[in-house]
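Enquirer:
There are 4 protein chains.
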Amino acid sequence: MCNFGDCLKCSNPDCFDERLDKMHEECGVFGVYSLDGNEVDVAGLTYYGLYALQHRGQESAGIAVSDRETIVFHKDMGLVPEIFDKVMLNHLKGTMSVGHVRYSTTGASRRENAQPIVVRSRNGQLALAHNGNIVNASMLREQMEENGTIFQTTNDTEVLINLITKHSITSETLEEAVEKMMVDVKGSYGLILMTASKMLGVRDPYGIRPLCIGKTAGAYVLASESCALDAVNAEFIRDVEPGEIVIIENDEIRSVRPFNKKDTKLCIFEFVYFARPDSVIDCASVQQSRYEAGKRLAIEHPVEADVVIGVPDSGISAAIGFSNQTGIPYGEGLVKNRYVGRTFIQPSQGMREVAVRIKHNAIKKSVEGKRVVIIDDSIVRGTTTRRIVQVLKKAGAKEVHMRVSSPPIKFPCYFGIDISSRKELVADKLSVEEIREMICADTLGYLSLEGLLKTPIGSKRGFCSACLDGNYPIEVPEEGDKFSCGC
Amino acid sequence: MCNFGDCLKCSNPDCFDERLDKMHEECGVFGVYSLDGNEVDVAGLTYYGLYALQHRGQESAGIAVSDRETIVFHKDMGLVPEIFDKVMLNHLKGTMSVGHVRYSTTGASRRENAQPIVVRSRNGQLALAHNGNIVNASMLREQMEENGTIFQTTNDTEVLINLITKHSITSETLEEAVEKMMVDVKGSYGLILMTASKMLGVRDPYGIRPLCIGKTAGAYVLASESCALDAVNAEFIRDVEPGEIVIIENDEIRSVRPFNKKDTKLCIFEFVYFARPDSVIDCASVQQSRYEAGKRLAIEHPVEADVVIGVPDSGISAAIGFSNQTGIPYGEGLVKNRYVGRTFIQPSQGMREVAVRIKHNAIKKSVEGKRVVIIDDSIVRGTTTRRIVQVLKKAGAKEVHMRVSSPPIKFPCYFGIDISSRKELVADKLSVEEIREMICADTLGYLSLEGLLKTPIGSKRGFCSACLDGNYPIEVPEEGDKFSCGC
Amino acid sequence: MCNFGDCLKCSNPDCFDERLDKMHEECGVFGVYSLDGNEVDVAGLTYYGLYALQHRGQESAGIAVSDRETIVFHKDMGLVPEIFDKVMLNHLKGTMSVGHVRYSTTGASRRENAQPIVVRSRNGQLALAHNGNIVNASMLREQMEENGTIFQTTNDTEVLINLITKHSITSETLEEAVEKMMVDVKGSYGLILMTASKMLGVRDPYGIRPLCIGKTAGAYVLASESCALDAVNAEFIRDVEPGEIVIIENDEIRSVRPFNKKDTKLCIFEFVYFARPDSVIDCASVQQSRYEAGKRLAIEHPVEADVVIGVPDSGISAAIGFSNQTGIPYGEGLVKNRYVGRTFIQPSQGMREVAVRIKHNAIKKSVEGKRVVIIDDSIVRGTTTRRIVQVLKKAGAKEVHMRVSSPPIKFPCYFGIDISSRKELVADKLSVEEIREMICADTLGYLSLEGLLKTPIGSKRGFCSACLDGNYPIEVPEEGDKFSCGC
Amino acid sequence: MCNFGDCLKCSNPDCFDERLDKMHEECGVFGVYSLDGNEVDVAGLTYYGLYALQHRGQESAGIAVSDRETIVFHKDMGLVPEIFDKVMLNHLKGTMSVGHVRYSTTGASRRENAQPIVVRSRNGQLALAHNGNIVNASMLREQMEENGTIFQTTNDTEVLINLITKHSITSETLEEAVEKMMVDVKGSYGLILMTASKMLGVRDPYGIRPLCIGKTAGAYVLASESCALDAVNAEFIRDVEPGEIVIIENDEIRSVRPFNKKDTKLCIFEFVYFARPDSVIDCASVQQSRYEAGKRLAIEHPVEADVVIGVPDSGISAAIGFSNQTGIPYGEGLVKNRYVGRTFIQPSQGMREVAVRIKHNAIKKSVEGKRVVIIDDSIVRGTTTRRIVQVLKKAGAKEVHMRVSSPPIKFPCYFGIDISSRKELVADKLSVEEIREMICADTLGYLSLEGLLKTPIGSKRGFCSACLDGNYPIEVPEEGDKFSCGC
């Protein structure tokens with residue numbers, strides 16, 4: 001039986017370092033093409049669209065705008081509202097716009113990696129925004145370097161734009177060049193590509209990353225998630241299909257589907273964690289999927305208890321599902337401090353014992369003397385989970401039953417999620433029982449993979465669950481190989 | 001019957017201006033007194049304590065530290081983590097510390113108004129942090145000006161510190177001078193006062209503003225709310241009593257209670273809106289009070305419906321209570337964008353039709369075709385409420401039943417809440433039926449005052465509900481009089 | 001004979017720290033009173049006036065403006081153009097304005113010390129800008145503290161404004177209260193005081209700090225130096241007299257001279273170093289005074305040489321004078337890097353040998369093989385001087401003859417110059433011969449005090465030369481006493 | 001005869017816009033290669049070197065450092081000390097370093113244009129810093145674009161680095177690839193190129209832009225001007241020859257000179273205006289050249305006068321020369337405000353009459369009642385010159401005789417000086433007499449081209465004087481053609 005006091009004093013230096021304790025969010029892309037004769041503030045719409053996608057990346061953001069002749073852009077480190085003010089948005093006048101929010105890896109030259117990337121080429125100016133990761137980027141980069149290409153960033157996106165430009169020499173149209181690029185690259189991508197006069201939306205052949213199409217008054221819209229369509233009052237038209245190239249030109253929208261249909265492999269973690277609950281991806285509601293996961297979790301791992309609570313915000317939907325399935329009342333037992341952000345100072349070693357309930361605090365009256373079921377969407381390194389269990393026990397919970405609405409994460413992701421090796425994954429090192437002990441919970445249950453894959457009810461796609469089962473849809477580097485995060 | 005389309009196109013210029021649509025949060029105070037021989041990082045503790053109180057004020061913050069000889073301080077505009085970094089905290093070495101977060105009114109000299117205010121006086125250095133509002137500050141200020149006092153801010157706190165200093169000429173101790181100050185001033189206050197070697201906590205005679213005492217390893221702690229005690233692992237000892245002066249000196253804590261017991265009048269809105277749900281004030285749990293308000297609301301204003309949802313975050317607790325009372329399932333139907341902050345650009349007139357669902361978006365699958373009960377804690381101007389109803393209807397809600405877990409706000413507050421006159425209060429101008437029409441809801445029900453006042457279960461205090469019934473515990477200025485916000 | 005190589009490798013840790021090697025510049029004040037019916041951009045004029053006075057203080061600046069009803073202000077750390085932009089100047093609308101630039105001492109609460117200080121008092125709003133230092137500030141402060149006054153800064157200016165406010169209780173007019181304040185305080189001051197409707201200019205009874213009056217189209221102007229009048233195209237009217245109170249009210253200017261005439265004691269270092277060469281103070285031209293000092297220096301300390309050069313910018317005028325007196329050609333031999341400012345990184349110990357000619361570099365062709373006379377205005381600590389001599393020798397100068405156009409500084413200043421004790425003064429510790437050796441010069445000559453005091457040709461005042469001869473016009477603290485810098 | 005009053009009230013909107021009134025300064029480059037076994041702080045040296053070159057560009061700066069394996073860099077907008085602090089310099093650890101200061105043209109993507117440009121290529125990492133302008137950059141860019149190259153900036157430097165990379169496919173060594181690049185490009189350049197392990201310095205075949213080699217303890221140094229060698233205590237070795245490639249590798253320095261000797265064409269304006277007076281370029285002293293120009297000007301355009309003054313700082317050397325040649329005493333008559341920088345607010349239309357003497361003020365005692373000769377190095381648009389003449393007349397100068405130490409500028413420069421067309425050049429539109437009238441001078445004399453070209457005494461090069469005589473050493477675009485500024 002776990003001894004709470006011991007845990008609290010544990011000397012694990014990473015214990016408070018939650019930066020690594022969530023799989024990092026990915027990038028988001030957003031595009032607007034206004035139809036001729038409509039006065040649409042495309043930069044303004046993109047600002048609000050990126051705002052709705054901010055959860056997909058908080059480190060840098062950018063907007064590029066075309067007036068059908070010239071592309072101008074602004075990008076920088078920071079949150080969307082930190083980078084853009086009214087003056088800047090007024091400078092970005094045009095009829096088409098591409099935006100990007102980015103979760104950026106560390107490094108000295110981070111600012112150079114902000115997107116959209118905007119270049120001059122034989123196709124004139126090109127702007128490219130990319131969500132995803134290219135698995136064979138290093139190899140492609142080396143090949144092109146041999147042939148005299150230079151690279152100014154460590155960004156996969158620069159590889160893509162160079163490939164498109166090379167192929168355009170032997171192509172009639174930009175979309176033909178994009179098609180050839182899609183043959184070369186292995187990986188995940190939701191892309192928006194803009195020339196001075198035309199816009200393309202592209203989704204990788206497996207559909208690993210999402211991309212959807214909407215329409216608002218006088219304009220077409222492309223976005224990583226449907227919540228960004230809602231933000232700008234655009235009607236959802238449909239998801240871009242895996243392997244599809246959407247072309248918006250001369251006020252018309254058309255498609256090229258150069259590849260044979262493959263088993264599609266949408267990233268299951270879009271439903272588990274990444275996407276906003278109000279988004280609908282490939283016809284399945286994100287919130288409904290999480291709620292359903294909670295119900296299935298209750299069936300797979302029932303427990304006698306007095307209250308079900310969720311870890312805010314990611315475990316709330318599943319907790320309500322768990323409660324409804326079991327009849328155990330749903331309650332609020334944890335409060336999350338909304339002001340913990342990038343500049344928060346982590347407690348130093350000496351402060352850890354005193355500063356334990358800064359990010360999450362328990363509501364004592366809700367848990368005191370009770371048997372508590374606590375639901376979260378996933379466990380990566382386990383340190384946050386352990387702290388939450390401790391906070392509940394300190395507040396007087398009689399029992400704490402941890403339930404996780406997805407299976408143990410055992411394999412690294414090569415398609416956009418920032419888990420660079422197995423070393424950080426607690427489920428790769430420990431058994432479920434060992435994890436239970438490590439996090440000081442009375443019982444621990446994970447939703448099964450079979451259960452999880454049924455949760456996006458009504459989805460029209462298959463899923464990539466490689467991080468859970470190791471079945472990568474594309475050949476990936478040997479473990480231990482270095483690879484750069486693409487997005 | 002409300003016509004959704006008309007509302008959406010309404011030309012009310014304030015429609016999107018939500019800054020005035022919530023009663024603004026107040027200030028928070030926090031103090032640490034470390035006992036002799038203990039190495040306590042008092043500035044670090046204060047940083048985490050203010051972090052936990054950040055919801056009470058986001059415009060400025062400050063920390064003053066004493067090493068028992070000299071007080072040094074740092075304060076500025078912004079959030080706690082924007083103002084303090086490791087280097088700055090390391091400069092603030094000492095054994096006692098006072099911190100403050102402030103909701104500041106607009107004005108050219110705002111930075112001067114940041115607290116704690118630190119002065120040199122016949123008592124040596126004094127630091128003062130104040131949560132509350134002094135009703136007769138202007139009169140007191142004028143009297144002192146006549147006698148040659150100068151004022152460098154428009155802050156009530158400067159009035160208090162001048163009064164204390166004046167009275168110290170005829171007083172044996174600092175606490176005696178504070179007592180005399182308490183006779184002079186009319187208003188609400190939770191104060192922390194620090195000299196180079198001693199700390200005082202003071203609560204106004206009616207106990208309008210909260211203040212509590214805790215103890216952590218080697219230190220006494222004072223805080224506006226108990227959630228800040230939790231953040232630094234301090235044990236809650238007790239609330240400071242109305243009219244009590246707590247003195248911490250020579251490693252001992254003692255009290256002076258100079259006034260006859262009065263009917264205490266804790267601000268009821270601490271439970272309705274201000275305080276964090278995990279706080280316990282005057283023995284009542286904030287979250288439990290809100291949950292209870294939801295239950296009573298269900299009894300007072302029942303409705304047939306398919307789902308109960310709460311406006312995040314303030315309406316969630318009451319929505320769960322409403323659901324549990326009625327048996328109507330609790331669900332998630334609204335998502336709040338967590339990244340909307342001070343620098344967010346409000347949509348311009350031309351953008352309003354397109355940018356409606358930026359701050360709150362509906363989860364379509366949760367509300368489509370359903371009869372929805374939506375719960376919020378209060379309605380001030382009504383514009384946010386109307387937009388939320390519209391968002392739900394646009395997402396397909398068949399009916400929207402608005403329930404408010406507090407009564408209509410009809411009177412201005414003179415004790416710290418930033419409603420400067422009746423003009424902004426929709427409930428002062430319109431009947432409940434007119435408000436229902438204005439916000440486009442199918443039905444509207446407010447919790448009664450009687451119901452609300454019973455919700456802080458186990459509270460040991462009476463309440464000030466002047467903003468709801470006009471019964472001010474202290475004589476206040478005539479309506480229309482100018483008065484400055486104190487905190 | 002000095003061995004250049006030894007000096008270069010000296011291990012004196014302060015060797016490169018030039019911050020202490022010049023007597024720091026003081027504050028500057030500027031005021032505008034626009035006559036009724038004239039549309040004068042008073043904040044704009046003050047911006048340009050402070051720009052011209054920027055050499056008197058680079059650490060903070062501020063402008064307060066009155067529209068004859070209310071005073072608004074803005075002040076911050078930094079240079080004038082860093083603090084004020086067009087938007088801010090447009091906010092400062094009014095018909096009277098007071099500005100200040102400040103050389104500020106170090107300390108945690110520096111921002112609080114920025115001026116003008118603006119308060120509310122029985123006289124309504126008051127703004128005060130002060131150049132100078134009050135010798136008995138501590139004593140006055142303590143007296144007022146005993147009587148219940150609080151102080152929010154360590155600034156002498158707060159003492160002055162409290163005194164004025166106290167005395168206004170027993171005075172008919174503001175000027176009468178100022179008169180009484182002048183009886184209380186001992187020290188140097190050039191003040192500008194502004195109520196909502198009236199402006200006062202005040203100079204201390206000894207006239208230690210300068211202040212002058214000008215008139216431009218539609219407005220009266222007050223300024224520390226005449227160069228600021230030139231900057232706003234104002235005609236110089238006259239210097240304010242020692243002990244005079246100038247009152248500008250109801251579009252009229254009048255004076256009160258409450259004191260008997262004293263021997264005036266204008267700070268001689270205004271001519272030696274502080275003031276801009278294009279200023280005229282008490283009827284003497286600053287540039288002409290420096291030129292004259294160079295001529296007298298040539299007579300007192302002749303030398304055979306090939307070229308005379310000045311240390312830019314402070315030694316140039318005297319060098320031309322020396323050249324004209326002796327017939328030795330004037331030349332350019334040193335270049336000063338114009339970009340060395342507050343944020344320049346001083347070379348670390350390891351870099352000193354390689355980074356010697358960053359701030360001053362020699363023009364080799366001008367000095368190689370020549371006997372060089374190098375002129376500077378003063379020597380404080382000697383380290384900069386030594387480095388300049390080394391640079392010249394390294395460039396091939398055969399001989400380097402140092403000439404200083406003022407006498408050795410042996411005593412601290414209590415009236416505004418930032419030399420806090422004798423310890424830093426090389427001339428207090430070493431004889432002229434020892435200094436010569438320390439700075440590696442072949443010969444060294446200082447202008448005599450008699451010579452210096454004759455140089456401000458046509459001046460209508462006597463001088464304070466206490467830092468040179470120890471004859472303080474006012475009783476000063478014992479050496480070693482702490483005292484705060486006033487300005 | 002010029003009527004001063006009229007001029008002062010002239011309504012020319014550009015009258016105060018001095019940004020265009022000086023030919024803009026160019027870029028500066030600096031490189032350090034430390035020899036094996038020496039602990040040299042290469043980033044620190046580069047910081048001080050760029051400091052000494054700051055006059056050549058104030059808009060952006062950057063430093064790239066190699067530890068013989070990897071290149072890291074930092075660059076940003078602003079002055080050197082604004083961009084680099086101690087923490088940043090400590091991050092830039094290595095044994096080789098390249099730095100750049102840039103005068104940048106306006107545009108939305110300015111930050112992207114900061115240098116050094118650092119890329120990954122078949123040669124590994126490459127860093128390139130460039131001073132100069134490539135005349136045929138557009139054509140080369142288009143050719144490469146046709147072959148599939150993308151460009152991320154509008155910077156000529158990106159053209160150069162792409163060319164070098166292309167040619168490296170068919171080259172044995174990097175220097176061979178550079179040679180081939182030199183055949184392709186037409187224009188001016190002083191380049192420093194760095195791989196992870198080797199450094200190249202390159203000067204264009206006509207030697208239009210300067211570059212020199214120095215040696216300090218344990219390191220070779222390359223710099224645009226010798227004053228930067230002095231700053232880091234490096235001995236001047238020699239100038240890089242026109243068309244020479246200097247290679248520093250394996251601790252050895254060697255050269256390739258692939259081209260036949262051409263008539264060299266060093267930009268004469270390096271002596272007239274760009275370079276620092278303490279620099280020596282191609283064996284001629286800059287200060288001595290300016291002094292000599294003043295002497296020749298006195299011979300060509302003698303005048304009877306009482307005093308000779310220079311416009312600070314650019315006209316001082318020539319003024320001393322003029323004085324020595326004629327015997328008319330040299331004096332100080334103008335003061336320049338040292339604090340006028342990038343953020344200075346230009347006076348608005350309404351302020352112009354009042355704010356005339358902000359940047360330059362006259363010293364009245366030096367010019368009143370006198371016949372004044374005023375010397376400047378050049379006149380571009382004439383507006384600054386006119387204002388200076390006005391300031392002198394307003395101060396009482398009886399006569400003002402303008403003398404210019406270079407000939408009228410009549411032709412645009414395509415090699416790095418920012419005069420984009422003839423339209424801005426007063427000397428292209430007006431005769432000397434008309435200019436004299438426009439600037440309100442009593443007489444006006446320009447130094448002849450013959451005279452000027454003799455002034456860099458001892459120079460080993462011929463000169464490009466195309467902006468004075470239209471004789472471009474390289475074929476240039478037709479007037480009116482757009483071209484981008486390279487540096």
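From first to last, the protein sequence lines are chains A, B, C and D. Residue numbers for the first sequence follow UniProt numbering, so the first one is 1 and each next one is one higher. Residue numbers for the second sequence follow UniProt numbering, so the first one is 1 and each next one is one higher. Residue numbers for the third sequence follow UniProt numbering, so the first one is 1 and each next one is one higher. Residue numbers for the fourth sequence follow UniProt numbering, so the first one is 1 and each next one is one higher. C-beta atoms are modelled at their ideal positions from N, C-alpha and C, and glycine is treated no differently. Nothing here was measured: the structure is a model prediction, and the numbers come from that model.
Can you tell me which of the three DSSP states A:K336 falls into?
Expert: Three-state DSSP puts A:K336 in a strand.
Enquirer: Quick one: is C:F151 near chain B, going by C-beta distance under 9 Å?
Expert: Yes, contact with chain B.
Enquirer: Against chain A, which members of the segment 174 to 194 of chain B pass a CB distance test of less than 8 Å?
Expert: Flagged: no residues at all.
Enquirer: Kindly say whether B:M77, judged by its beta-carbon, lies nearer than 9 Å to any beta-carbon of chain A.
Expert: No, its Cβ sits nowhere closer than 9 Å to a Cβ of chain A.
Enquirer: Could you tell me which residues DSSP puts in a beta bridge with D:K75?
Expert: DSSP output for D:K75 lists D:G62 as bridge partner(s).
Enquirer: Which residue spans inside the segment 242 to 326 of chain B form an unbroken beta strand (DSSP E) run of at least 3?
Expert: As far as the segment 242 to 326 of chain B is concerned, its whole beta strand (DSSP E) runs of at least 3 residues are 245 to 249, 252 to 256, 307 to 310.
Enquirer: What residues in its chain sit with their C-beta under 7 Å from that of D:V159, if we drop five residues either side in the sequence?
Expert: Counting only Cβ-Cβ distances below 7 Å, and skipping sequence neighbours, we find I134, A137, L140, R141.
Enquirer: Less than 9 Å between CB atoms is the rule here; does C:S97 satisfy it with respect to chain D?
Expert: It does not; no Cβ of chain D falls within 9 Å.
Enquirer: For D:D278, which of C:C464, C:L392, C:N131 has the nearest alpha-carbon?
Expert: Ranking C:C464, C:L392, C:N131 by Cα distance to D:D278 puts C:L392 first.
Enquirer: Using the rule of at least 16 other Cβ atoms within 10 Å of the residue's Cβ for burial, across every protein chain shown, is D:K370 buried or exposed?
Expert: Its Cβ being crowded by 16 or more others within 10 Å, D:K370 is buried.
Enquirer: Taking 8 Å as the cut-off, does the segment 230 to 241 of chain C touch the segment 295 to 305 of chain C (at least 3 CB pairs, one atom from each stretch)?
Expert: In short, these stretches do not touch, since the Cβ pair count stays below three.
Enquirer: Cβ atoms of A:A466 and A:P473: under 9 Å apart, would you say?
Expert: Taking 9 Å as the Cβ cut-off, A:P473 and A:A466 qualify as a contacting pair.
Enquirer: For chain D, check one thing: does any of its Cβ atoms lie closer than 9 Å to the Cβ of A:R141?
Expert: Interface residue, yes.
Enquirer: Alpha carbon to alpha carbon, how far is C:L266 from C:V232? Give it in angstroms, no decimals.
Expert: Roughly 25 Å between the two C-alpha positions.
Enquirer: Any chance you could list the alpha helix (DSSP H) runs of at least 4 consecutive residues sitting entirely within the segment 418 to 480 of chain A, in chain order?
Expert: Counting whole runs of 4 or more residues, the segment 418 to 480 of chain A contains the alpha helix (DSSP H) stretches 426 to 429, 432 to 438, 449 to 453, 466 to 469.
Enquirer: Helix, strand or coil for A:G187? Go by DSSP, reduced to three states.
Expert: It is a strand residue.
Enquirer: Would you please verify whether the beta carbon of B:L453 is less than 9 Å from any beta carbon of chain A?
Expert: So no, B:L453 is outside the interface.
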